[in-house]
Each structure stands twice: as structure tokens, then as C-alpha cells.
Amino acid sequence: MTAAVEVPPTPLPSADPVLQVRNLVKHFPVRGSGVTRRTVGEIHAVCDVSFDVARGETLGVVGESGCGKSTTGRAILNLQPATSGQVIYDGKDVTQLTGSALRVVRRDMQLVFQDPFASLNPRMTVNNLVGEPLVIHHIGESKQARRDVVAELLRTVGLNPEHGNRYAHEFSGGQRQRIGIARAIALEPKVLVLDEPVSALDVSIQAGVVNLLEDLQDRLGLSYVFIAHDLSVVRHIADRVAVMYLGRIVEVATRDALFERPAHPYTRALLSAIPIPDPRKERERRRIVLVGDVPSPAAPPSGCRFRTRCQVFRDDLNDDQRQLCIEQHPALEERGQGHPVSCHYADVERVV
Amino acid sequence: MTLTDSPGTAGTAAGVKPVLEVRDLSVSFPTDDGLVQAVRGVSYRLMPREVLGIVGESGSGKSVTSLAIMGLLPRTARIAGSACLGDQELIGAPYSTMQHLRGRRISMVFQDPISSLNPVYSIGWQLAEAVRAHHDVSKQAAADRAVDLLQLVGIPNAKERASNYPHEFSGGMRQRVVIAIAIANDPEVLIADEPTTALDVTVQAQILETLDLARRETNAAMVLITHDLGVVAGVADRVLVMYAGKPVETGTVDEIYYSSRMPYTLGLLASLPRLDDRKGGALRPIPGSPPSLLNLAPGCPFSPRCTYRGDVCDEQEPELLEVAPGGHRAACHFSDQLEQRREAPVLETDATLQEELA
Chain P
322 MTAAVEVPPT PLPSADPVLQ VRNLVKHFPV RGSGVTRRTV GEIHAVCDVS FDVARGETLG
382 VVGESGCGKS TTGRAILNLQ PATSGQVIYD GKDVTQLTGS ALRVVRRDMQ LVFQDPFASL
442 NPRMTVNNLV GEPLVIHHIG ESKQARRDVV AELLRTVGLN PEHGNRYAHE FSGGQRQRIG
502 IARAIALEPK VLVLDEPVSA LDVSIQAGVV NLLEDLQDRL GLSYVFIAHD LSVVRHIADR
562 VAVMYLGRIV EVATRDALFE RPAHPYTRAL LSAIPIPDPR KERERRRIVL VGDVPSPAAP
622 PSGCRFRTRC QVFRDDLNDD QRQLCIEQHP ALEERGQGHP VSCHYADVER VV
Chain W
16 MTLTDSPGTA GTAAGVKPVL EVRDLSVSFP TDDGLVQAVR GVSYRLMPRE VLGIVGESGS
76 GKSVTSLAIM GLLPRTARIA GSACLGDQEL IGAPYSTMQH LRGRRISMVF QDPISSLNPV
136 YSIGWQLAEA VRAHHDVSKQ AAADRAVDLL QLVGIPNAKE RASNYPHEFS GGMRQRVVIA
196 IAIANDPEVL IADEPTTALD VTVQAQILET LDLARRETNA AMVLITHDLG VVAGVADRVL
256 VMYAGKPVET GTVDEIYYSS RMPYTLGLLA SLPRLDDRKG GALRPIPGSP PSLLNLAPGC
316 PFSPRCTYRG DVCDEQEPEL LEVAPGGHRA ACHFSDQLEQ RREAPVLETD ATLQEELA
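What follows is the structure, given as C-alpha cells:
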């Protein structure tokens, strides 16, 4: 057993943290095309990410494709070994665990995938799919006992246990995602990492799965790391939200603070870009349209990573002020907005 | 918002002819299991410069309708009905006629820009090809026009970028190129099929602006197909809601969003988590899932999922009938009661929707 590890401080500590992530870094090597496949560069997927997740809390992690939110989720579970940093669960650093010790921790931390079509084995029945974690972790005395647990799990996620002998392809997208959730909660975990769990579903179906997740959280006292690009869903489900851009957290705040008082220029642009299904409101809204695309994570800009697309950098700053953005990375800290934000010129503006 | 500067045209202004008129369009596909009725009678009129949003879930037939109009369905598809572009009938038109119309008078932007561009030709070449397909101009003139178009859709260093290949562009830039190709010949009608679904939200905002610019530059009317009710709210003048291959409601954006008379539309709006929702509370999903379009049962296809269902719903499919003057139509046996009940909150979802929109 690993001894309890020391936990460095974080800009936004929680009272009762279940999971603590500290200075998490994940780099992927870029290999050359020659015979030896030398490493010619590094993709900076996740850079110095720290946060706490409290018991029963939902932390929303949002950002656009390539911002490192999924990689963060996988590194938390040690599905992809972190380059450096710590993920502390139950006094143990998950990134350092291997073999049976890791398996013990994974009982408490589970992942729900985005695509319910790809994440379920097409050759297994629903009973086997949901029962598999029980078999792997030697839970339940007999086959019959396990079958009873599976039936109960299926009822919990709103499926009919009589359909347990069917295969995944016989279910609709929403039902398949429920099977994935049943599988994830089979071991009674404490933490669920949900990687875009409703993105692949139609809107009328999506609402049902979101309600199920909220219901399960209340009943089982789960903590969620809810990774999503859809901020409307995050506003609905999350207690706190971390916004990521190019591998770094740029702003983290409680839900209402983030949506009502976004302080980072990227958060403001992101929020203003999301269409609201209300024609009158849409006509009145001012949209911050960012220029260009996300820079390559293989060669991120110096200083502040958002400066190449930043509307404040472009329009409101003079050359001296810009120099600071170019030279110095703005630390994620409280800057008078009431929550940590990683911008030298953070300012609150309402956009929703 | 710059996206909605055109007034909400009712579509019935006297003397103005629609640029595209679709009547009773139906499409079915024979399969091993039987006939799949993907589209079961769609009619709409698209007025000049108008933006019509077509919304619906996967499998509602919104894309198949447009592919039928463009003549892009496989030969096995059985198509009936009519679609007139001005005076030109498109359904059943010979290949050579369609070849002459597509890209010149009616063009389309697809969801996935990487599969709509040819990976082995440069962007400039593909744009010039679109120009030369319909105009007898020199190669040089076409290449110049290509650069102008790239500039128009907001590609920086257009002159240098024209010699790049699709893989050298990002997703958003590729979609701009596809839009440039679509407007290369100043079409009358532009059909955009989920143009921003594959893109991130900040890029989506850029592309919606580009589409709006392209539309104003060419004076084209646009059909915007999407599942995102937020995008439609900001961009469209009129909306057509589709369910199980049929339009179930049509009207101006305000009519659809604020005084819908169709339970499916009401349910769809109520089920959305909203960015501007401060109250929280459980979402209201529509129970069940869309019906199979194979051997569709008689009656209203939405009735198994509908909270306001009556006996008549299982027997007779409601027609799309006018519920308010000015072109607001809904296909529901109880559409008149939906309005009456609006004040007295008998209908649960209806009441909360009103509350949310207030």
C-alpha cells in the first residue's frame, strides 16, 4: 500500500474533497516519419491542471475540441499515464499505482464514454455487459446473486430487466447510454468521470439521461467530473465549472458565478457564441466572434495561450499591456472577480 | 445580432413568386425489411431572400427532403411529388438538366467539410472548377474569381492559401471553402444541411456569420437544416418542424417559439437545457423514442409519446392546418385547445414553457 501523500494547495480548495488533482501534465510525443521514429516534438495536451472534486459535487469541465478535457479525464483514471503531477484519491496518488492496487482504486472511479455505439461490445448481452465488472472484481457469491444485482441495476437506470438477454444493437442510443451508466455504477463507485455522456443523443432523449444522472447522484452520493462541450447541459448539471483552453484551466468558478459573471475573455466569447433557443433574446444578444482557430498544441503561444485569438488583446490593450500577455503566463488565481481566473486583464462582463 | 436583419417575411406577399416551391414531396426506400417511408409529404414555399429553418431529430427526414430536391438520392429511392425552382421542375428532371442547375441556381453546403472537398486537388482548383462548370471563362479568370471568393468568406492570405490542399485547412476554414464553392455562381437557393454540427461553438459562430454574409452577397434564399433550436432562433425567418417524415408545424420563428400549437414542438423546447436558465430543476424529456418509418402505424405518429393524446389520435393522422392567420400551421387534432389551455395551465409542459419564456 502506498503511504498517504502530501497534497499541495490549490487556488480553489473544497471543504470535503474526494478527488484532488494537482499540477497534472500530459504530453504526447510527436514521432518523426523515419525508420527510428525519433521523438521530434511534444503535444502539450494537459498543462498544470489542478482542481478538487467534493463529495456529491459535479465539476463541469468544458472547452472546445483539443483543449485537453478528455485527456484530463483519462489521466485521472490512469487510463493514460500522466507525464507528471498527482491525482489523489483516498490518500493515494493514482498516477503512481499499478496492478492490483490500481484495480482497487478503479472500483471507486469509473468512466462513462461518449459514444454508446462504440463502448458496448456488440457480442455481449446486456446482462453480461452490466455484470462484467462484478465478475472482474469478484463481487457476489453466485451467478444468481450477480444476476439479481444486474436486474436491480437495470431498473435503477430505467431499463426493463426482462430485456437483459438482448444485445446492445437492439436498443436506441439513449437506452444504450443507460446501459453504459449501469455498467459504470455496478461497482458502487464514488467518482464517475463522464466524458461527453449526452453529446451523441438527440435533444428529446438527452434530457432523460441528464435527469437520470442527477437522480443517481442524489441517491448514491456520487461525485461527477462532467466533461462536455455543451455549456447549456453543464449549466444545468454542474455545481462548479472549469473552463479549459489549450491544455490549461483558464477560469474556475461556481456555476452561477461563471455563467453570470464570466471574467476570462475566452469564457465570455464561448458563452456568447452559444445560441439560445429564444428568438427575441437571440436578436438582442451581442456575439463575440473570435478570429482564427485554436493554435497547435505542439507549439503553444508564449505567455498567455489565448492571446492569439483574444478579443481584449486585439482591441483593448496597448503595446505595453500586450507585452505582459506575450511574456508572462497569467497564473490561475483570484484577481478581484470572486473566483480564480487566468488572465492579466480579467474583467467581468455579462453575456448570457 | 447581424444574423437577423431581414424582416420576418410571412411568405404570402402578393406578386412575389417563391424561388422554391415544394409540393407533397415523398421519398421511400425499398429495403429487405420493407418500404421505409423517409419523407411522407412535405410542402413548403421559400420566398426570395428568406431563411427557412428545418428542424427535427435524426431520422425525421429533414436531410432526405433536401437531397431529393438536389437530385442526389440513390437511384433506388422512390420519389413522388414536386419541387419547382422558379418554373423548373426538379423532381424527375434528367441528369443533364440537374447538372446544369446544381451549383448555378441551387447549391448545397454539407455537414462534413472534409468529405465534401476532394483531397487531391488544391482549394483554388476546386473553386475555379465550380466557376468554369457553369461559365465559359479562361482558367486565369476563374482562378482570380476563386481568390476573390476565398477573401469574401474570410480566409486570410487568400492568394497564397488557394494553392493549399484541404488537409492543410482547419475544420472551420474548410467549411468556409465549401460555402465559397456553393456561392461561386450566385445561386438563388442555398441549402445548408447541418453546416455547423461538426464544429466547435466559437467556430460555429464564425461560420454562421460567414453564411449570413454569403447570403447577403448573393441575395440567395436559404434553407437551413439543423437539429439545434438555438441556431434556428438566431438565423431563420420561418421554421418548419419535422417529425417522422412529415412537417408537424410551420410558422415564423416567433410563432414557433412563443405560441407553438403542436405538442412535439412544445416538448422539444421544454426538453432543452438552457444557457440562460437560472432556476435549474429537472429537465422534461419527451418520453419514448421516434417511431420506425417501416410500417408506420395509422394515426398521429407522435401520439405514443404525446401527453395530450386522445382517441382520435390513434385512428387519424392530423393534417397540417392553419391555426393562425399568416401561415402558422400545425398538425395536431387538439391544436385549438392548446391555445385555449395556454392561460389555464392544464398542460404541464405547456405551462412551464410559458413560465420559462416569460
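Going down the list, the protein sequences come from chains P and W. Adding 321 to a residue's 1-based position in the first sequence gives its number in the numbering used here. Adding 15 to a residue's 1-based position in the second sequence gives its number in the numbering used here. Where a beta carbon is used, it is the ideal one built from N, C-alpha and C, also for glycine. Since the structure is predicted, the reported quantities are computational estimates derived from the model, not experimental observations.
Which first and last residues belong to the alpha helix (DSSP H) in which residue i is found?
i	result
Gly-139 (chain W)	138-147
Gly-452 (chain P)	447-457
His-343 (chain W)	First-last for His-343 (chain W): 343-345, but that is the beta strand (DSSP E), not the alpha helix (DSSP H).
Thr-477 (chain P)	464-477
Pro-128 (chain W)	128-131
Gly-624 (chain P)	Premise fails: Gly-624 (chain P) is in no alpha helix (DSSP H) and is neither H nor E.
Which whole-angstrom value is the C-beta distance of residue i and residue j, which I expect to be below 8 Å?
i	j	result
Ser-75 (chain W)	Met-257 (chain W)	4 Å
Gly-101 (chain W)	Val-34 (chain W)	7 Å
Arg-191 (chain W)	Val-168 (chain W)	4 Å
Leu-40 (chain W)	Val-57 (chain W)	5 Å
Val-346 (chain P)	Ala-403 (chain P)	7 Å
Tyr-410 (chain P)	Val-433 (chain P)	With a Cβ gap of about 18 Å, Tyr-410 (chain P) and Val-433 (chain P) do not count as contacting.
Val-238 (chain W)	Leu-61 (chain W)	6 Å
Ala-236 (chain W)	Pro-63 (chain W)	6 Å
Does the CB of residue i have a neighbour CB from chain C at under 9 Å?
i	result
Leu-591 (chain P)	Given the protein chain composition of this structure (P and W), no chain C is represented.
According to DSSP, is residue i part of a helix, a strand, or is it coil?
i	result
Ser-421 (chain P)	helix
Met-113 (chain W)	helix
Glu-648 (chain P)	helix
Lys-154 (chain W)	helix
Met-322 (chain P)	With a pLDDT of only 45 at Met-322 (chain P), under 50, the local geometry of the prediction cannot be trusted, and the value read off the model is given with reservation. Reduced to three states, the DSSP call for Met-322 (chain P) is coil.
Lys-511 (chain P)	coil
Glu-370 (chain W)	Because the pLDDT at Glu-370 (chain W) is just 40, under 50, the model does not fix this residue reliably, and the value given afterwards should be weighed accordingly. Helix, per DSSP.
Glu-232 (chain W)	helix
Pro-661 (chain P)	strand
Leu-362 (chain W)	Reliability of the predicted coordinates at Leu-362 (chain W) is poor, the pLDDT of 35 falling under 50, and the value obtained from them is presented with this limitation in mind. Note: Leu-362 (chain W) maps to coil in three-state DSSP.
Tyr-279 (chain W)	helix
Arg-289 (chain W)	coil
Thr-212 (chain W)	coil
Ser-75 (chain W)	coil
Lys-413 (chain P)	strand
Lys-390 (chain P)	helix
Arg-60 (chain W)	strand
Thr-357 (chain P)	coil
Glu-337 (chain W)	strand
Pro-262 (chain W)	strand
Asp-516 (chain P)	strand
Gly-107 (chain W)	coil
Gly-461 (chain P)	coil
Leu-380 (chain P)	strand
Gln-431 (chain P)	strand
Which residue comes first and which comes last in the beta strand (DSSP E) that contains residue i?
i	result
Phe-349 (chain P)	338-352
Ala-549 (chain P)	544-549
Tyr-273 (chain W)	Where Tyr-273 (chain W) is concerned, there is no enclosing beta strand (DSSP E), although the alpha helix (DSSP H) it sits in stretches over 268-273.
Leu-592 (chain P)	Per DSSP, Leu-592 (chain P) belongs to no beta strand (DSSP E); it is in the alpha helix (DSSP H), 586-594.
Thr-404 (chain P)	Element bounds for Thr-404 (chain P): n/a, residue is neither H nor E.
Ala-366 (chain P)	360-375
Phe-349 (chain W)	Run containing Phe-349 (chain W): none; DSSP gives neither H nor E here.
Ala-70 (chain W)	Checking the displayed sequence, the identity of residue 70 (chain W) turns out to be Val instead of Ala. Note, Val-70 (chain W): beta strand (DSSP E), 66-70.
Val-633 (chain P)	Here Val-633 (chain P) belongs to no beta strand (DSSP E); instead the alpha helix (DSSP H) covers 632-636.
Arg-38 (chain W)	35-46
Gly-186 (chain W)	Here Gly-186 (chain W) belongs to no beta strand (DSSP E); instead the alpha helix (DSSP H) covers 186-197.
Note down, in chain order, every chain W residue with its Cβ under 9 Å from the Cβ of residue i.
i	result
Gly-495 (chain P)	Pro-300, Ser-304
Glu-491 (chain P)	The premise fails here: Glu-491 (chain P) is roughly 13 Å from chain W at the closest Cβ pair, so nothing lies under 9 Å.
Mind listing the chain P neighbours of residue i? Cutoff is C-beta to C-beta under 7 Å, in chain order.
i	result
Ser-153 (chain W)	Correct list: empty, because the minimum Cβ distance to chain P is about 34 Å.
Gln-219 (chain W)	Ala-594
Gly-187 (chain W)	Asp-614
Val-66 (chain W)	Going along chain P, no residue has its Cβ under 7 Å from Val-66 (chain W), so there is no contact; the nearest lies around 12 Å.
Name, please, each residue of chain P whose Cβ falls closer than 9 Å to the Cβ of residue i.
i	result
Glu-72 (chain W)	Asp-523, Val-524, Ser-525, Ile-526
Tyr-272 (chain W)	Pro-598, Asp-599, Pro-600, Arg-601
For residue i, is the beta carbon positioned less than 8 Å from some heavy atom of the ligand COA?
i	result
Leu-353 (chain W)	This structure lacks the ligand COA, and indeed carries no ligand of any kind.
For a contact meaning CB atoms closer than 7 Å, what does residue i contact in chain W?
i	result
Ile-500 (chain P)	Within 7 Å Cβ-Cβ: nothing; Ile-500 (chain P) doesn't reach chain W, min ~15 Å.
Ser-386 (chain P)	Asp-215
Ser-617 (chain P)	Those do not exist, as Ser-617 (chain P) stays about 10 Å from chain W at its closest Cβ, beyond 7 Å.
Leu-611 (chain P)	Thr-217
Residues of chain P with CB closer than 8 Å to the CB of residue i, please, in chain order.
i	result
Ser-275 (chain W)	Under the 8 Å cutoff, chain P gives no residues; its nearest Cβ is about 12 Å from Ser-275 (chain W).
Leu-287 (chain W)	Val-524, Ala-528, Ser-553, Pro-598
Which ranges does the alpha helix (DSSP H) cover as unbroken runs of at least 4 residues, wholly within the segment 297-331 of chain W, from first to last along the chain? 326-330
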